[in-house]
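Participant: One structure follows; several queries about it will come next.
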Amino acid sequence: MTNDFGKIKIEQKTGDEQLTLKGRETGLKLVDFWKWSVSDIVSNATRGRFAEFIVASAIKCNLEIIRDEWSAYDLTSPEGIKIEVKSASYLQSWFQRGFSKISFSIKESLIWDPETSKFSKKSSRQADVYVFCLLKHKDQPTLNPMDLDQWEFYVVPTSEINDYKRSGTSITLKSLQILSSAIAYDQLRQEIVKAYERQ
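Just add 9 to the spot in the sequence shown (first one is 1) and you have the numbering used here.
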């Protein structure tokens, strides 16, 4: 007898789904949980997922396909390009004595297969292209991550990240600006394709 279970198929929710107790609606909806848990889109963890959403929308991903928490990379473009998304911000939700120093993680990682629940034996960078998303706005009272003009983006082929010698785990904004120029939201799709073709 085996206790193995296959991967659960997750369907996209609308937010109107009701929490129930003993078969009766409680008056709480799933959207209430979303508002409670992810309204702070300035915080590191939520901002990172929000940056993935921004890039996904820019490159015309099918947003009805649910984000895969455990994928080896963050996004796949309609052209089949595998994309890793990283984010950073000068301003944080918490008290600051000054702007945050900008750097992005570029660490290699093991691939985890959700179908088998096993990790690969060797770490690597699995994406074709990295997109570094910087929430560049520096005025705290007017900070709004939903204003796409407050962001700038840097697109780099993974091959160039692999050739980066100063660190195997992170890259500073200054070093990133040597490899790439800042672009706007509406340039992302074409620049990702160009970066992929440079590999």
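Glycine is no exception: its CB is placed at the ideal position from the N, C-alpha and C atoms.
Our contact map puts Ser179 next to Ser112 with C-beta atoms below 8 Å; I'd like the distance itself, whole angstroms only.
Facilitator: Within the sequence shown, numbered from 1, the residue matching residue 179 stands at position 170. Within the sequence shown, numbered from 1, the residue matching residue 112 stands at position 103. About 5 Å separates the two Cβ atoms, so the contact holds.
Participant: Residue ranges of each beta strand (DSSP E) run of no fewer than 3 residues wholly in the stretch 104 to 174, ordered along the chain?
Facilitator: 112 to 114, 138 to 144 and 160 to 166
Participant: Between which two residues does the beta strand (DSSP E) carrying Arg33 extend?
Facilitator: Here residue 33 refers to the residue found at position 24 of the sequence shown. Per DSSP, Arg33 belongs to the beta strand (DSSP E) from Arg33 to Lys38.
Participant: Just reading off the beta strand (DSSP E) that Thr29 is part of, what are its end residues?
Facilitator: As a working mapping, residue 29 is identified with position 20 in the sequence shown. Looking at the DSSP string, the run of the beta strand (DSSP E) that includes Thr29 is Gln27 to Leu30.
Participant: Please classify Gln56: is it buried, with 16 or more other beta-carbons within 10 angstroms of its beta-carbon, or exposed?
Facilitator: For this step, residue 56 is matched to residue 47 along the sequence shown. The identity of residue 56 in the sequence shown is Arg, whereas the question assumes Gln. Label assigned to Arg56: buried.
Participant: Please report how far the alpha carbon of Lys174 lies from the alpha carbon of Pro166, in whole angstroms.
Facilitator: The residue labelled residue 174 in the question sits at position 165 within the sequence shown. The residue labelled residue 166 in the question sits at position 157 within the sequence shown. Those two C-alpha atoms are separated by around 15 Å.
Participant: So is Ile201 buried or exposed if we call it buried at 16+ other beta carbons inside 10 Å?
Facilitator: For the purposes of this step, residue 201 is identified with residue 192 of the sequence shown, where counting begins at 1. Around the beta carbon of Ile201, 16 or more other beta carbons lie within 10 angstroms, which makes this residue buried.
Participant: Just grab the DSSP bridge partners of Ala97 for me.
Facilitator: If you number the sequence shown from 1, residue 97 lands on position 88. Answer by DSSP bridge pairing, in chain order: Leu143.
Participant: Would Asp212 and Lys91 be called neighbours here (beta carbons separated by less than 8 Å)?
Facilitator: The chain is shown from 10 up to 208; residue 212 falls before or after that span and cannot be answered.
Participant: Taking the straight line between their C-alpha atoms, what separation do you get for Thr125 and Lys16?
Facilitator: Stepping through the sequence shown from its first residue, residue 125 is reached at position 116. Stepping through the sequence shown from its first residue, residue 16 is reached at position 7. Those two C-alpha atoms are separated by around 9 Å.
Participant: State whether the stretch 59 to 71 contacts the stretch 31 to 44, with contact taken as three or more CB pairs (one from each stretch) at a distance under 8 Å.
Facilitator: no
Participant: What distance in whole Å lies between the Cβ atoms of Val40 and Asp242, which are believed to be in contact at a cut-off of 8 Å?
Facilitator: Past the edges of the chain, shown from 10 to 208, lies residue 242, and the structure says nothing about it.
Participant: Considering only C-alpha positions, which residue in the set Pro87, Asp77 and Ser176 is nearest to Glu8?
Facilitator: Summary: the structure shown does not reach residue 8, with the chain confined to residues 10 through 208, and so no result is reported for it.
Participant: Using a Cβ-Cβ cut-off of 6 Å (strictly less than) and excluding sequence neighbours within five positions of Glu169, which residues of its own chain qualify?
Facilitator: On the sequence shown, residue 169 is found 160 positions in, with the first residue counted as 1. Sequence-distant partners of Glu169 (beyond 5 residues in either direction) whose C-beta falls short of 6 Å from its own C-beta, in its chain, are Leu188.
Participant: Identify which residue in Val164, Arg106, Leu84 and Ser132 has its Cα closest to the Cα of Gln208.
Facilitator: Your numbering for residue 208 matches position 199 in the sequence shown. It is Val164.
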